[in-house]
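In this note's numbering, the protein residues as written are 1 to 255.
Glycine included, each C-beta is placed from N, C-alpha and C at the ideal position.
Dropping the structure here:
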């Protein structure tokens, strides 16, 4: 009897894994637009962050959907609007923080499981079936000069996005949101983790530009515009950001 229970357990595990792989494959075939839920979180518990979150409207994030539409057109995707974003209600609990970048693999696995469990219990309806969930952790800019790296998981299609709660930072925030959204679709980082500089050529929007510097645009998975080989600035907004061919290949937009 115990042997049958073990066999049944492993059959369920294998079938679940196969089903997830199939769902992931279908998602990146882009047969239909993907629905993304954006859940604001007051990461500091500050009143100023509460005020900022209350001021947010769904149309504030339309620029992200337009960015994906613009870039999809470049790669001749059949969908004119591949991404739809929906602003959900505020979540009053902070998602579990990831371990350090060089953390032990077991800590990373445990955090991944905790985050997915958190997401399962914190997904209020936005009126449509959701494919991707992003938790937008807003921080008081008067208390922080730098924020921790944001993190997103391809498995589970969830992201934990650190942002400043300031209207003057909204354009930069949209770049970070788009970056993490692409992580949930299998896109990888295209910057050097030690220097934060864009990697050449995959992290450059125009790797064949002559002269190569200064670049005018940022590859979204690098997030910065290269000025010289050793200097780059953060993209000011999605209007100066593109999805390069390596990223387009990773998310199934091109071969």
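By how many angstroms is the C-alpha of residue 7 removed from the C-alpha of residue 225?
-> 54 Å
Assigned secondary structure, residue 173 (DSSP; H/G/I helix, E/B strand, else coil) | Helix, per DSSP.
Nearest CA to the CA of residue 204: which residue from 217, 210, 211?
-> 217
Limits of the alpha helix (DSSP H) - the one that residue 51 falls within | 47 to 55
Residue of 161, 195, 171 minimising C-alpha distance to residue 184 | 161
Which stretch, first to last residue, makes up the alpha helix (DSSP H) that contains residue 64?
-> Judged by DSSP secondary structure, residue 64 falls within the alpha helix (DSSP H) whose first and last residues are 62 to 74.
Determine the extent of the alpha helix (DSSP H) in which residue 118 is found, giving its start and end residues.
-> Boundaries of the alpha helix (DSSP H) harbouring residue 118: 105 to 121, taken from the DSSP string.
Looking only at DSSP bridge pairs, what is residue 84 linked to?
-> 35
Over what stretch of residues does the alpha helix (DSSP H) that includes residue 247 continue unbroken?
-> 245 to 250
Which same chain residues, not among the five before or five after residue 187, have their C-beta less than 7 Å away from its C-beta?
-> 221, 247, 250, 251
So what does DSSP say about residue 90, is it helix, strand or coil?
-> coil
For residue 170, collect the residues of the same chain with a Cβ closer than 8 Å to its Cβ; drop the 5 residues on either side in sequence, then sort them by chain order.
-> 60
Whole alpha helix (DSSP H) elements within the segment 133 to 188, 4-residue minimum = Restricted to the segment 133 to 188, the alpha helix (DSSP H) segments that are unbroken, complete and at least 4 residues in length are 170 to 184, listed in chain order.
Where residue 130 falls: helix, strand or coil (DSSP) | coil
Ignore the nearest five residues each way along the sequence and tell me which others in residue 44's own chain have a CB closer than 7 Å to its CB.
-> When the five nearest sequence neighbours on each side are left out, the beta carbons in the same chain lying within less than 7 Å of the beta carbon of residue 44 are those of 139, 140, 143, in order along the chain.
Under the rule that 16 or more other beta-carbon atoms within 10 Å means buried, what is residue 39, buried or exposed?
-> Result: buried.
Helix, strand or coil at residue 240 [DSSP, three-state] = helix
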